[in-house]
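Peer 1: Below are the structure tokens for one structure; questions will follow.
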Amino acid sequence: MCGQTKAEPGGVVRTAEDGGGEPLDGARLAVSTAIEGSGEIAGAREVARSFLADVQALHGPALSGGARGVVPLVVSELVTNACKYAPGLCLLALEVVDGAIRISVWDSSATLPTVLEPDPGRIGQHGLEVVAALCESLTAEREPLGKRVTAIVAMA
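When you read off a place in the sequence shown, starting at 1, and then add 80, the result is the number in our numbering.
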């Protein structure tokens with residue numbers, strides 16, 4: 081299999097592994113971009129929507145309406161947290177893996193996020209609580225520089 085990479089405006093890189101120019105069933109579909117500052121959170125959601133359009137074209141009915149709503153929300157929450165709590169750039173990556181969409185956000189802070197217990201009286205800080213409830217899994221791991229938060233969303 082040969083790999084294709086397409087760089088787009090805004091630093092978005094799309095990759096599809098295929099056998100001759102067009103993605104095939106089982107092909108790897110991925111997109112990544114760098115985000116700097118909270119002013120780019122809407123752009124991160126747009127990257128997610130564009131990625132989902134590519135996934136829909138490749139996988140058709142395997143992508144549920146629920147996933148089309150959940151993925152941009154999860155991207156928004158994870159990128160918002162990275163922009164709010166870590167200095168500098170954050171990196172967003174979306175990828176189709178084993179019938180699911182893996183969303184990962186890297187940032188420069190080594191402090192791992194905490195999913196707070198539900199508290200209807202608390203104002204704010206419900207983002208990760210919502211993400212954890214909507215995703216198959218939510219993990220955070222320290223890396224040599226910073227951390228990576230990864231959420232898995234079912235396609236079906």
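Think of the CB as a built atom: it goes at the ideal place given N, C-alpha and C, for glycine as much as any other residue.
Between Arg182 and Gly201, what straight-line distance do the alpha-carbon atoms span, to the nearest angstrom?
Peer 2: Looking up residue 182 in the sequence shown gives position 102. Looking up residue 201 in the sequence shown gives position 121. Cα to Cα, the separation comes out at about 32 angstroms.
Peer 1: At what residue ranges does the segment 136–214 contain a whole run of the beta strand (DSSP E), taking only runs of 3 or more?
Peer 2: List check, beta strand (DSSP E) in window: 170–177 and 180–187.
Peer 1: Please name the residue in Gly207, Ser118, Leu143 and Ala142 whose C-alpha comes closest to that of Ala166.
Peer 2: On the sequence shown, residue 166 is found 86 positions in, with the first residue counted as 1. Ranking Gly207, Ser118, Leu143 and Ala142 by Cα distance to Ala166 puts Ser118 first.
Peer 1: Between the C-alpha atoms of Ile115 and Val159, what's the straight-line distance to the nearest angstrom?
Peer 2: Against the sequence shown, residue 115 aligns to sequence position 35. Against the sequence shown, residue 159 aligns to sequence position 79. Those two C-alpha atoms are separated by around 8 angstroms.
Peer 1: Report, in whole angstroms, the separation of the C-beta atoms of Leu225 and Ser184, which I expect to be a contact under 8 angstroms.
Peer 2: Here residue 225 is taken as the residue at index 145 of the sequence shown, counted from 1. Here residue 184 is taken as the residue at index 104 of the sequence shown, counted from 1. About 15 angstroms separates the two Cβ atoms, so there is no contact after all.
Peer 1: Since Leu132 and Val151 should fall inside the 8 angstroms C-beta cutoff, what is the C-beta to C-beta distance between them, to a whole number of angstroms?
Peer 2: Taking the sequence shown and counting its residues from 1, one reaches residue 132 at position 52. Taking the sequence shown and counting its residues from 1, one reaches residue 151 at position 71. Rounded, the Cβ-Cβ distance is 6 angstroms, consistent with contact.
Peer 1: Assign Asn161 to one of two classes, buried (16 or more other C-beta atoms within 10 Å of its C-beta) or exposed (fewer than that).
Peer 2: What you label residue 161 is simply residue 81 of the sequence shown in a count that begins at 1. The residue is buried, with at least 16 neighbouring Cβ atoms inside 10 Å.
Peer 1: Rank Trp186, Ala147 and Ile232 by C-alpha distance to the C-alpha of Gly168 and give the top, closest one.
Peer 2: Indexing the sequence shown from 1 puts residue 168 at position 88. If we check each option's Cα against that of Gly168, Trp186 comes out closest.
Peer 1: Using a Cβ-Cβ cut-off of 7 angstroms (strictly less than) and excluding sequence neighbours within five positions of Met235, which residues of its own chain qualify?
Peer 2: By one-based count along the sequence shown, residue 235 stands at place 155. The residues are His139, Ala142, Leu143, Ser144, Ala147, Gly179, Ala180 and Ile181.
Peer 1: Per DSSP, Val127 is paired with what?
Peer 2: For the purposes of this step, residue 127 is identified with residue 47 of the sequence shown, where counting begins at 1. Note: Val127 sits in no beta bridge, so no partner.
Peer 1: Does the distance from the C-beta atom of Pro209 to that of Pro198 stay below 8 angstroms?
Peer 2: The sequence position of residue 209 within the sequence shown is 129, counting from 1. The sequence position of residue 198 within the sequence shown is 118, counting from 1. Before going on, a small fix: residue 209 reads as Glu here, not Pro. For Glu209 and Pro198, yes; Cβs fall inside 8 angstroms.
Peer 1: In the structure shown, what three-state DSSP assignment does Leu236 receive?
Peer 2: By 1-based counting over the sequence shown, the position of residue 236 is 156. At residue 236 the sequence reads Ala, which differs from the Leu that was named. Reduced to three states, the DSSP call for Ala236 is coil.
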